[in-house]
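Participant: Dumping the structure here so I can ask a few things about it.
Number of protein chains: 2
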Amino acid sequence: MSNIDIISDKELKKGIKQFLETAPDIYMAGVSVDTVIFGFHNDKLKALLLRFGNTPYFILPGGYIMKEESLDDAALRILQERTALENIYLEQFYTSGSISRSKEEVAIELTQKMIGTIPHSNWFAQRFVSVCYYALVDDTKVNPVTEAFFTEVKWFDISRLPKVLYDHDAIINKALKRLQSDLDEKLAGSNLIGETFTMGQLQKLYEAVYQKEFVRTNFQRKILSLGVLERLEKQYNGKSHKAPYLYRFIK
Amino acid sequence: MSNIDIISDKELKKGIKQFLETAPDIYMAGVSVDTVIFGFHNDKLKALLLRFGNTPYFILPGGYIMKEESLDDAALRILQERTALENIYLEQFYTSGSISRSKEEVAIELTQKMIGTIPHSNWFAQRFVSVCYYALVDDTKVNPVTEAFFTEVKWFDISRLPKVLYDHDAIINKALKRLQSDLDEKLAGSNLIGETFTMGQLQKLYEAVYQKEFVRTNFQRKILSLGVLERLEKQYNGKSHKAPYLYRFIK
């Protein structure tokens with residue numbers, strides 16, 4: 055599930071310096087994109103986080119918006135760059151714009167330590183408003199990509215997150231709340247669960263998203279009332295007739 | 055409902071020139087705020103729009119974010135400046151960031167016509183990402199304020215909007231969709247309806263927001279099931295006992 059690839063300090067410094075030199079010509083100033091990428095694995099809801107340089111801190115996959123690129127295109131590109139996934143469903147859910155979020159001293163200090171000196175005009179230290187998206191992905195298809203800034207890409211159980219920078223913990227919480235209120239509607243199009251599944255597997259997904267347990271009969275009644283599920287015929291192949299029914303989403 | 059106050063061309067030009075000179079020092083570049091201000095009046099859902107200069111075009115109340123001001127504070131300040139209302143409930147619902155939205159030639163041309171020449175670095179012609187909020191207000195308490203750019207502040211029935219600039223028609227549509235899905239939840243805290251009201255008045259509000267008619271009995275059953283309404287005792291003051299019940303929101 056994780057892809058550890060520590061990059062040498064020298065390479066890291068070079069990458070950051072190069073970025074700082076070219077960023078102002080390529081990207082919009084003051085606006086960034088952050089994505090909360092959710093996956094469901096071993097009955098747990100996970101979020102994909104990146105290790106900031108060689109530090110113990112993690113951040114959300116994110117990036118900047120090219121001067122001639124739409125917000126949605128930027129979010130898709132950033133997600134592709136980090137996960138090698140294409141055609142991912144992304145939902146914009148919030149734009150974070152408090153003053154304090156950009157003044158994270160830890161991040162500025164860490165950058166400074168990593169590259170030795172901070173250039174006169176430090177791209178990272180300017181104020182950013184961050185447009186936040188969430189994505190639902192099949193975590194088995196994600197091929198996390200590391201680069202200069204981010205030395206590790208790792209799935210974390212959302213109830214056991216590591217230390218994160220900026221206001222990314224608040225952003226993850228907001229994404230989770232939105233996913234909870236959207237789940238009934240987004241479920242069918244999501245990549246969170248396989249093509250066919252049992253009612254029990256679906257209940258585990260709901261329990262992971264809502265972070266609480268549901269009563270089986272109530273859950274089944276509620277889910278079936280959504281009218282999005284189709285029950286498949288049991289395959290009478292000589293094995294137990296007591297095997298649970300399989301369901302899939304109505305196309 | 056409207057407040058017409060045409061400002062002389064000379065005053066308008068002066069105001070715009072002054073703004074263009076000072077804006078880059080005061081505001082974040084590239085990020086703006088737009089607000090869709092909803093009111094309910096005469097059984098119609100209305101939105102507050104501003105006339106752009108002396109042109110036939112209208113735009114949403116909006117503005118820019120000061121360098122040391124949060125997004126939410128900016129949205130509140132802008133709303134206060136335009137409506138003289140305080141303590142308004144504002145909900146961020148979307149951030150618009152297509153490329154085309156900032157390249158509205160009409161707006162650039164209009165600005166050019168209004169001030170004669172365009173300065174070398176035209177604040178209005180840069181690309182903006184717009185963070186959008188909606189507000190629910192008691193329209194009788196709104197005291198619309200005009201200024202240099204906006205020569206008229208006017209309520210429009212949302213089913214009969216005038217010509218609007220940029221992507222503001224799409225933004226109004228998105229705000230309406232969000233209001234529809236949020237209405238059950240936001241109703242009690244909104245300022246869209248008086249402190250006490252009949253079931254019929256509430257139904258008119260829902261019909262105005264959803265832009266369709268509901269069956270009275272179904273509507274009543276659905277609304278009462280939300281559990282947010284308290285039915286008041288009828289006042290037996292000698293008048294008709296057939297007067298409809300009054301309701302209010304449970305505190």
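Heads up: the sequence lines are chains X and B, in that order.
When we follow the working numbering, the leftmost residue of the first sequence carries the number 55, and every step to the right adds one.
When we follow the working numbering, the leftmost residue of the second sequence carries the number 55, and every step to the right adds one.
Backbone N, C-alpha and C fix where the C-beta goes; we use that ideal spot for every residue, glycine too.
I'd like to check one pair, L139/X with P115/X: are the Cβ atoms closer than 8 Å?
Facilitator: Within the first sequence, the letter at position 61 stands for residue 115/X. Within the first sequence, the letter at position 85 stands for residue 139/X. Cβ distance not < 8 Å, so P115/X and L139/X don't count as in contact.
Participant: Report the residue ranges of all alpha helix (DSSP H) runs contained in full by the stretch 60 to 85 of chain B; include only those spanning at least 4 residues, in chain order.
Facilitator: Listed in chain order, the complete alpha helix (DSSP H) runs (minimum 4 residues) inside the stretch 60 to 85 of chain B are 63 to 80.
Participant: Which residues does DSSP list as the beta-bridge partners of E145/B?
Facilitator: The residue given as residue 145/B occupies position 91 in the second sequence. E145/B is bridged to Y188/B.
Participant: Compute the Euclidean distance between the alpha carbons of F203/B and K240/B, then round it to the nearest angstrom.
Facilitator: Within the second sequence, residue 203/B is the residue found at index 149, counting from 1. Within the second sequence, residue 240/B is the residue found at index 186, counting from 1. Rounded to the nearest angstrom, the two C-alpha atoms are 33 Å apart.
Participant: Might you give, ordered along the chain, the residues of its own chain that have their beta carbon closer than 6 Å to the beta carbon of R155/B, omitting 5 neighbours on each side?
Facilitator: On the second sequence, residue 155/B is found 101 positions in, with the first residue counted as 1. Here the set comprises Y220 and D221.
Participant: Distance, Cα to Cα, I226/X vs E163/B?
Facilitator: Locating residue 226/X in the first sequence gives position 172, counting from the first residue. Locating residue 163/B in the second sequence gives position 109, counting from the first residue. Distance between the alpha carbons of I226/X and E163/B is about 42 Å.
Participant: Give the residues from the stretch 73 to 94 of chain X that approach chain B closer than 7 Å (Cβ to any Cβ), ordered along the chain.
Facilitator: Going along the stretch 73 to 94 of chain X in chain order, one finds M82, A83, G84 and V85 with a Cβ nearer than 7 Å to chain B.
Participant: If I measure Cβ to Cβ from N108/X and keep anything under 6 Å in the same chain, skipping five residues before and after, which residues do I get?
Facilitator: Locating residue 108/X in the first sequence gives position 54, counting from the first residue. Within the same chain, N108/X has close Cβ partners T205.
Participant: Look at G117/X and S150/X and say whether their C-beta atoms are less than 8 Å apart.
Facilitator: Against the first sequence, residue 117/X aligns to sequence position 63. Against the first sequence, residue 150/X aligns to sequence position 96. No, the Cβ-Cβ distance between G117/X and S150/X is not below 8 Å.
Participant: Assuming D46/X is part of the beta strand (DSSP E), what are its boundary residues?
Facilitator: For residue 46/X there is no data in the structure shown, the boundaries of chain X being 55 and 305.
Participant: Find out if the Cβ-Cβ distance for the pair A242/B, Y187/B is shorter than 8 Å.
Facilitator: Numbered from 1 along the second sequence, position 188 holds the residue referred to as residue 242/B. Numbered from 1 along the second sequence, position 133 holds the residue referred to as residue 187/B. No.
Participant: In angstroms, rounded to a whole number, what distance separates the CA positions of F273/B and Q257/B?
Facilitator: Taking the first residue of the second sequence as position 1, residue 273/B is located at position 219. Taking the first residue of the second sequence as position 1, residue 257/B is located at position 203. If you take the alpha carbons of F273/B and Q257/B, they lie about 7 Å apart.
Participant: Could you check if T109/X belongs to the surroundings of the ligand NAP, using beta carbon to heavy atom distance under 7 Å?
Facilitator: Absence of the ligand NAP is noted for the structure shown, with no ligands found whatsoever.
Participant: Return no unless some Cβ of chain B is closer than 8 Å to the Cβ of R181/X.
Facilitator: The residue you call residue 181/X lines up with position 127 of the first sequence. Closer than 8 Å: yes.
Participant: Tell me the rounded alpha-carbon separation between E145/X and L102/X.
Facilitator: For the purposes of this step, residue 145/X is taken as the residue at position 91 of the first sequence. For the purposes of this step, residue 102/X is taken as the residue at position 48 of the first sequence. About 16 Å.
Participant: Take the Cβ of S184/B as the centre, count every other Cβ of all protein chains shown within 10 Å, and call the residue buried at 16 or more, exposed below.
Facilitator: To locate residue 184/B, count along the second sequence from 1; it is residue 130. Flag for S184/B reads buried.
Participant: May I ask you to report which of helix, strand or coil DSSP gives R275/B?
Facilitator: Start at 1 with the first residue of the second sequence, and residue 275/B comes out as number 221. R275/B falls in the helix class under three-state DSSP.
Participant: Determine the contact status of E287/X and Y301/X, defining contact as a CB-CB distance below 8 Å.
Facilitator: Numbered from its first residue, the first sequence carries residue 287/X at position 233. Numbered from its first residue, the first sequence carries residue 301/X at position 247. Contact flag unset, no.
Participant: Of all the residues that make up the stretch 105 to 125 of chain B, which are near chain D by a beta-carbon distance shorter than 8 Å?
Facilitator: The structure shown contains no chain D; its protein chains are X and B.
Participant: Indicate whether at least one CB of chain B lies closer than 8 Å to the CB of G243/X.
Facilitator: Here residue 243/X refers to the residue found at position 189 when the first sequence is read from its first residue. So, not an interface residue.
Participant: Assuming V207/X is part of the beta strand (DSSP E), what are its boundary residues?
Facilitator: On the first sequence, residue 207/X is found 153 positions in, with the first residue counted as 1. First-last of the beta strand (DSSP E) with V207/X: F204 to D211.
Participant: Give the residues of chain B in contact with S279/X, contact being defined as C-beta atoms less than 9 Å apart.
Facilitator: Within the first sequence, numbered from 1, the residue matching residue 279/X stands at position 225. Here the premise fails: no neighbours, minimum Cβ distance about 15 Å.
Participant: Closest to L104/B by C-alpha separation, out of F94/B, K98/B, N96/B and V90/B, would be which residue?
Facilitator: Against the second sequence, residue 104/B aligns to sequence position 50. Checked all of F94/B, K98/B, N96/B and V90/B; the closest Cα to L104/B is V90/B.
Participant: Residues bridged to D88/X by DSSP?
Facilitator: Taking the first residue of the first sequence as position 1, residue 88/X is located at position 34. Answer is G116/X and C186/X, bridged to D88/X.
Participant: If you reduce the DSSP assignment to three classes, tell me which class S56/X lands in.
Facilitator: Translated into the one-based positions of the first sequence, residue 56/X becomes position 2. Confidence is the limiting factor: at S56/X the pLDDT is only 37, short of 50, which leaves the residue's position unreliable and the question unanswerable from this model.
Participant: Look up R302/X in the DSSP assignment and give the residues it is bridged to.
Facilitator: Within the first sequence, the letter at position 248 stands for residue 302/X. The partner list for R302/X (beta bridge, DSSP) reads E284/X.
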